[in-house]
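These protein sequence lines map, in sequence, to chains X and V. Going by this note's numbering, the first sequence opens with residue 4, and the numbers climb by one from there. Going by this note's numbering, the second sequence opens with residue 41, and the numbers climb by one from there. Okay, so here's the structure we're looking at.
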Amino acid sequence: MRYILSILTVLFFTSPAFAKDRFLDIQELTTQSGISVWLVEDHSVPVISLKFSFKGAGSFVEPNEKQGLVQLLSNTLDEGAGDLDSHDFQKVLSDNSISLSFSGGRDNFSGSVKTLTTHKDKAFDLLQLALTKPRFDAEPLERMKQANISRIKQSMTQPNWMAARLMNDIAFAGHPYARNSGGTLSSLPKITAEDLRAFIKRELSSERLVIAISGDITATQAILDIDKIFKALPRIKRDQLFLPLKLQNKKSVTLFEQPIPQTIIRISLPGIRQSDGEYYAAKVMNHIFGGGGFGSRLMETIREKEGLTYGIYSGVSQMAMTEIFSISTSTKNETAKQLVSLIKQEASLLKETPITEQELTDAKSYILGSMPLSLTSTNALSSIMISLQLDNLPATYLDTIDQHIQAITIKDVQTVAQRLLNFDNAITIFVGQPKDIAPTQTITKLPNVE
Amino acid sequence: MRVLLTIALFCIAATPTHAGIFNAQTATLENGLEIVVIPNHRAPIVHHMLWYKAGSAQELAGYSGVAHFLEHLLFKGTDHKDRPLEAGEFSKIIRNIGGQDNAFTSTDYTAFFQTTSKQHLNTIMQMEADRIRHAMPPEKHVLSERAVVIEERNQRTENNPKARFYEQMQATLFPSHPNGRPVIGLHDEIQKMSEKDTHAFYDQWYHPNQAILVITGDITLTEILPDIKSIYGVLPKGPENKRHFPVVPNFEGKTTITQHSAQVKQAQWMRAIRAPSFHQNKKQSLALQVLENILDGGATTRLYKQLVVESKMAVSISFSYSADKYDTSSIWISAIPTESTSMQELESAIETLLTDVIENGVTDQEIKEAKTRLKNAAIFARDSLSGPAHIIGRALTTGSTLNDIETWDEQIETVTKKQIQNVSDIYLKSQNLSEYRYVTGYLLPEIEDK
Numbered sequence: 004m005r006y007i008l009s010i011l012t013v014l015f016f017t018s019p020a021f022a023k024d025r026f027l028d029i030q031e032l033t034t035q036s037g038i039s040v041w042l043v044e045d046h047s048v049p050v051i052s053l054k055f056s057f058k059g060a061g062s063f064v065e066p067n068e069k070q071g072l073v074q075l076l077s078n079t080l081d082e083g084a085g086d087l088d089s090h091d092f093q094k095v096l097s098d099n100s101i102s103l104s105f106s107g108g109r110d111n112f113s114g115s116v117k118t119l120t121t122h123k124d125k126a127f128d129l130l131q132l133a134l135t136k137p138r139f140d141a142e143p144l145e146r147m148k149q150a151n152i153s154r155i156k157q158s159m160t161q162p163n164w165m166a167a168r169l170m171n172d173i174a175f176a177g178h179p180y181a182r183n184s185g186g187t188l189s190s191l192p193k194i195t196a197e198d199l200r201a202f203i204k205r206e207l208s209s210e211r212l213v214i215a216i217s218g219d220i221t222a223t224q225a226i227l228d229i230d231k232i233f234k235a236l237p238r239i240k241r242d243q244l245f246l247p248l249k250l251q252n253k254k255s256v257t258l259f260e261q262p263i264p265q266t267i268i269r270i271s272l273p274g275i276r277q278s279d280g281e282y283y284a285a286k287v288m289n290h291i292f293g294g295g296g297f298g299s300r301l302m303e304t305i306r307e308k309e310g311l312t313y314g315i316y317s318g319v320s321q322m323a324m325t326e327i328f329s330i331s332t333s334t335k336n337e338t339a340k341q342l343v344s345l346i347k348q349e350a351s352l353l354k355e356t357p358i359t360e361q362e363l364t365d366a367k368s369y370i371l372g373s374m375p376l377s378l379t380s381t382n383a384l385s386s387i388m389i390s391l392q393l394d395n396l397p398a399t400y401l402d403t404i405d406q407h408i409q410a411i412t413i414k415d416v417q418t419v420a421q422r423l424l425n426f427d428n429a430i431t432i433f434v435g436q437p438k439d440i441a442p443t444q445t446i447t448k449l450p451n452v453e
Numbered sequence: 041m042r043v044l045l046t047i048a049l050f051c052i053a054a055t056p057t058h059a060g061i062f063n064a065q066t067a068t069l070e071n072g073l074e075i076v077v078i079p080n081h082r083a084p085i086v087h088h089m090l091w092y093k094a095g096s097a098q099e100l101a102g103y104s105g106v107a108h109f110l111e112h113l114l115f116k117g118t119d120h121k122d123r124p125l126e127a128g129e130f131s132k133i134i135r136n137i138g139g140q141d142n143a144f145t146s147t148d149y150t151a152f153f154q155t156t157s158k159q160h161l162n163t164i165m166q167m168e169a170d171r172i173r174h175a176m177p178p179e180k181h182v183l184s185e186r187a188v189v190i191e192e193r194n195q196r197t198e199n200n201p202k203a204r205f206y207e208q209m210q211a212t213l214f215p216s217h218p219n220g221r222p223v224i225g226l227h228d229e230i231q232k233m234s235e236k237d238t239h240a241f242y243d244q245w246y247h248p249n250q251a252i253l254v255i256t257g258d259i260t261l262t263e264i265l266p267d268i269k270s271i272y273g274v275l276p277k278g279p280e281n282k283r284h285f286p287v288v289p290n291f292e293g294k295t296t297i298t299q300h301s302a303q304v305k306q307a308q309w310m311r312a313i314r315a316p317s318f319h320q321n322k323k324q325s326l327a328l329q330v331l332e333n334i335l336d337g338g339a340t341t342r343l344y345k346q347l348v349v350e351s352k353m354a355v356s357i358s359f360s361y362s363a364d365k366y367d368t369s370s371i372w373i374s375a376i377p378t379e380s381t382s383m384q385e386l387e388s389a390i391e392t393l394l395t396d397v398i399e400n401g402v403t404d405q406e407i408k409e410a411k412t413r414l415k416n417a418a419i420f421a422r423d424s425l426s427g428p429a430h431i432i433g434r435a436l437t438t439g440s441t442l443n444d445i446e447t448w449d450e451q452i453e454t455v456t457k458k459q460i461q462n463v464s465d466i467y468l469k470s471q472n473l474s475e476y477r478y479v480t481g482y483l484l485p486e487i488e489d490k
């Protein structure tokens with residue numbers, strides 16, 4: 004019981020952002036024009052962080068021959084808007100120490116502003132301008148294409164990047180997720196300013212918008228500001244493209260040879276969604292298996308006992324249309340085979356033998372106790388609010404995790420291990436020169452890069 | 041343990057609360073342990089760090105990597121007579137109270153840190169205090185951990201041509217000086233390292249009088265000082281060690297390294313220049329910090345504006361100077377040429393730009409804008425739990441005082457145009473020198489066979 008008591012005291016904060024009866028005091032607000040926004044007020048530093056996402060406006064909706072369009076949009080949206088050209092726009096940001104950035108993921112298109120309170124109005128004006136009157140002038144557009152091409156060429160020396168690229172291509176084969184969201188050497192030059200404008204018009208609708216704001220701002224002020232920034236956006240109600248995806252190429256082992264002393268190993272298995280009844284059991288199981296870093300079974304056996312790797316991690320992740328259980332690690336080429344068999348051995352153990360009461364208590368204690376540790380900056384507060392909204396979770400969700408996790412039993416963990424840790428379904432990638440591995444396919448050129 | 045509380049009570053030299061960027065509170069125990077507390081009441085959590093004023097720069101020739109290997113071994117158990125810990129138990133305890141912990145090693149320092157809820161602060165202080173003098177890794181763990189360190193080196197350096205190239209540049213820039221050695225160590229030297237080697241380093245450097253305790257979070261010095269005294273204050277003072285450094289002679293000619301690699305797809309130009317740290321020369325270091333921001337403070341500052349936006353010679357360019365070294369530091373300029381630009385053209389364009397700065401100086405407007413950005417950065421630095429602890433630990437272990445850190449923004453304000461021109465002239469000049477302090481590197485794709 005000692006641990007459970009300590010968790011409760013951690014969960015209920017007393018400082019302004021953390022109301023007594025709630026994990027995080029999220030205010031759900033609606034502006035005059037009907038836009039909703041989540042706010043956590045925290046006046047301890049004069050900083051404000053605003054984050055937003057357009058759901059479903061990610062790279063999976065871009066045309067195949069224009070891979071990288073969303074990436075390029077994220078690079079050029081802050082390169083001039085309204086009367087300000089690239090230089091003038093960037094100069095206002097720089098002179099006022101405003102961080103304004105956009106990013107494109109597979110599922111969503113997102114943006115972020117971090118500013119000192121004193122420069123809030125300028126920051127928000129620039130964001131409004133970028134979203135409604137972007138210029139996409141030829142010079143910055145070309146410059147950003149070149150920067151992306153150079154980034155791709157630099158990535159081509161990174162074995163971890165190669166392994167990730169291969170995994171996407173193989174596990175998501177035939178689905179838009181398989182494409183290279185960073186663009187390819189041949190697709191990027193084809194993208195035009197017209198493509199970017201058309202994408203904005205079609206996809207960046209306020210109907211798809213989720214917004215979070217945190218830091219040194221009041222609710223009254225936030226409502227006014229959010230309206231000013233976002234109300235001019237088009238409101239197009241369109242059905243979102245939804246193509247559910249089951250992982251492809253199960254039972255495959257792919258080798259991409261590289262002249263390096265280590266083999267990078269990635270394994271993907273079908274995962275589990277947050278909405279699934281066994282999701283929290285999976286969280287606990289993953290923590291014990293390989294999710295917790297030091298102390299996890301994979302780390303204990305493979306790093307601490309055998310000295311085979313610097314790190315080994317497993318993870319549960321979900322995207323809008325699929326979910327994955329993944330394992331990633333690296334080891335010298337000579338021990339790649341041994342390492343993979345140790346992973347399988349640990350998986351079998353977890354499936355066949357119940358975990359101990361102590362392991363269960365410790366896992367729950369960590370999962371719940373570590374929740375507040377990352378919420379220590381203004382940015383982190385807005386980030387967590389955006390994640391919740393993107394996962395369609397309520398603002399009260401963080402208050403309910405405690406009861407979900409506490410309810411998990413030893414049997415639940417074993418059951419979900421038996422469901423998920425099924426290596427007959429594995430998609431395995433090796434990058435390096437692994438000894439004694441029998442690949443089902445050997446790749447000589449990375450797909451969707453050039 | 042509480043019975044020991046009174047022993048240290050009379051020997052504290054606590055100074056009043058310090059007004060400045062972080063409002064840090066400080067004290068020194070009689071055994072020489074320096075204490076810095078940075079109150080941050082956003083959440084009921086604390087970040088606890090113990091910094092040792094020793095890193096790879098204190099290693100003997102032939103033993104590169106000892107400091108880092110020792111850092112790893114500090115997680116392998118302690119033999120304290122009342123509170124012994126098994127290998128790996130330290131991190132498991134932290135994890136099971138919902139906390140996180142890790143450590144890092146650099147040239148001038150080694151630091152261990154934990155983040156937990158406030159109520160566990162005494163537990164972690166006790167464990168950290170115990171391993172100052174009682175680390176005792178069992179032989180089999182020493183061997184397996186050595187293998188882990190080799191995998192770490194593979195992962196960080198051997199797999200990556202850019203990291204290997206950087207290592208060569210560093211070695212060439214600092215011939216027979218410890219700052220030229222890789223912190224992680226050379227493969228062949230790690231391979232033959234024993235616990236005897238790490239223990240010699242441990243006995244020489246791990247003592248309270250060579251350490252700094254930095255705590256940030258929901259705590260004040262007044263609140264925690266009695267516990268710090270009872271836990272850390274009882275440790276005996278160790279030997280007084282001076283950090284000693286050789287002199288690096290300047291070169292009589294230009295030094296270049298050219299490397300072709302099949303792994304490299306994107307050519308890169310680099311120049312590393314030896315320059316004084318803040319500890320060596322405050323005035324010059326402050327001027328270099330402003331100069332760095334004038335040249336590379338954003339998309340509208342000199343390097344990016346002239347070479348990426350205007351002349352299209354580079355796809356990207358960066359200029360970075362680090363003030364935080366105990367002995368000689370360095371400036372690194374790195375650039376990627378555009379498709380149509382040769383290395384020679386890029387180099388001469390960069391040198392022309394630097395010559396312009398040396399001969400014609402920078403403008404008053406540029407200085408003003410850079411100072412504003414730097415001062416704003418100091419406000420943003422407070423928006424974090426661990427950030428301030430890292431900034432302060434790094435600065436104090438490399439010879440700065442707390443006053444230097446707290447008044448950094450005021451000192452930046454005093455930098456003059458003349459000082460900037462002076463450091464430009466000394467450190468950025470590339471031609472007509474009687475002595476050279478720089479190395480130029482060309483990292484290139486493989487030469488194609490015709």
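By construction, the Cβ of each residue, glycine as well, lies at the ideal position given by its N, Cα and C atoms. Only a predicted model underlies this, so the values are computations on that prediction, with no experimental measurement involved.
Neighbourhood of residue i by C-beta distance below 6 angstroms, restricted to the same chain and skipping five residues each side
i	result
Gln392 of chain X	Val213
Test item: CB-CB of residue i and residue j under 9 angstroms
i	j	result
Thr163 of chain V	Arg311 of chain V	no
Asp367 of chain V	Gln299 of chain V	no
Ile268 of chain X	Thr332 of chain X	yes
Val73 of chain X	Ser184 of chain X	yes
Val106 of chain V	Gly225 of chain V	yes
Ile411 of chain X	Ala166 of chain X	no
Arg117 of chain X	Ile216 of chain X	In the sequence under discussion, the amino acid at residue 117 of chain X is Lys, which differs from the Arg named in the question. It is not a contact, given that the beta carbons lie outside the stated cut-off.
Arg25 of chain X	Leu401 of chain X	yes
Own chain partners of residue i with C-beta closer than 8 angstroms, once the 5 adjacent residues on each side are dropped
i	result
Lys448 of chain X	none
Gly295 of chain X	Met302, Ala366, Tyr369
Rounded C-alpha distance that separates residue i from residue j
i	j	result
Ile446 of chain X	Asp172 of chain X	12 angstroms
His112 of chain V	Asp465 of chain V	43 angstroms
Leu161 of chain V	Ile172 of chain V	17 angstroms
Lys352 of chain V	Glu142 of chain X	10 angstroms
Ala420 of chain X	Lys354 of chain X	5 angstroms
Thr136 of chain V	Ala64 of chain V	Looking at the sequence itself, residue 136 of chain V is Asn, so the reference to Thr does not match. Distance between the alpha carbons of Asn136 of chain V and Ala64 of chain V is about 30 angstroms.
Pro397 of chain X	Ser209 of chain X	19 angstroms
Phe15 of chain X	Ile404 of chain X	Residue placement at Phe15 of chain X is poorly supported in this model, since its pLDDT is 37, which falls under 50; the coordinates are not used for a value here.
Leu455 of chain X	Ala383 of chain X	Beyond the ends of chain X as shown, which are 4 and 453, falls residue 455 of chain X; an answer cannot be given.
Ala366 of chain X	Pro357 of chain X	14 angstroms
Pro179 of chain X	Leu96 of chain X	35 angstroms
Glu309 of chain X	His174 of chain V	25 angstroms
Asn425 of chain X	Gln251 of chain X	15 angstroms
Glu362 of chain X	Gln341 of chain X	26 angstroms
Reduced DSSP secondary structure (H/G/I, E/B, other) of residue i
i	result
Gln299 of chain V	strand
Gly318 of chain X	strand
Glu44 of chain X	strand
Gln195 of chain V	helix
Arg422 of chain V	coil
Cβ neighbours of residue i in the same chain (closer than 7 angstroms, five flanking residues each side left out)
i	result
Gly257 of chain V	Asn80, Ile85, Val86, His87, Lys158, Leu425
Leu110 of chain V	Thr238, Phe241, Tyr242
Members of the region 376-391 of chain V that neighbour chain X once the beta carbon cut-off is set at 8 angstroms
Within the region 376-391 of chain V, the residues whose Cβ lies closer than 8 angstroms to some Cβ of chain X are Ile376, Thr378, Glu379, listed in chain order.
Taking only beta carbons into account, state which residues of the region 324-344 of chain X come closer than 7 angstroms to chain V, listed in chain order.
Result list: Ser333, Thr334, Lys335.
Between the region 349-369 of chain V and chain X, which residues of the former have a C-beta closer than 9 angstroms to a C-beta of the latter?
Here the close residues are Val349, Lys352, Val355, Ser356.
What residues in the region 397-409 of chain V bring their beta carbon closer than 9 angstroms to a beta carbon of chain X?
Cβ contacts with chain X come from Glu409.
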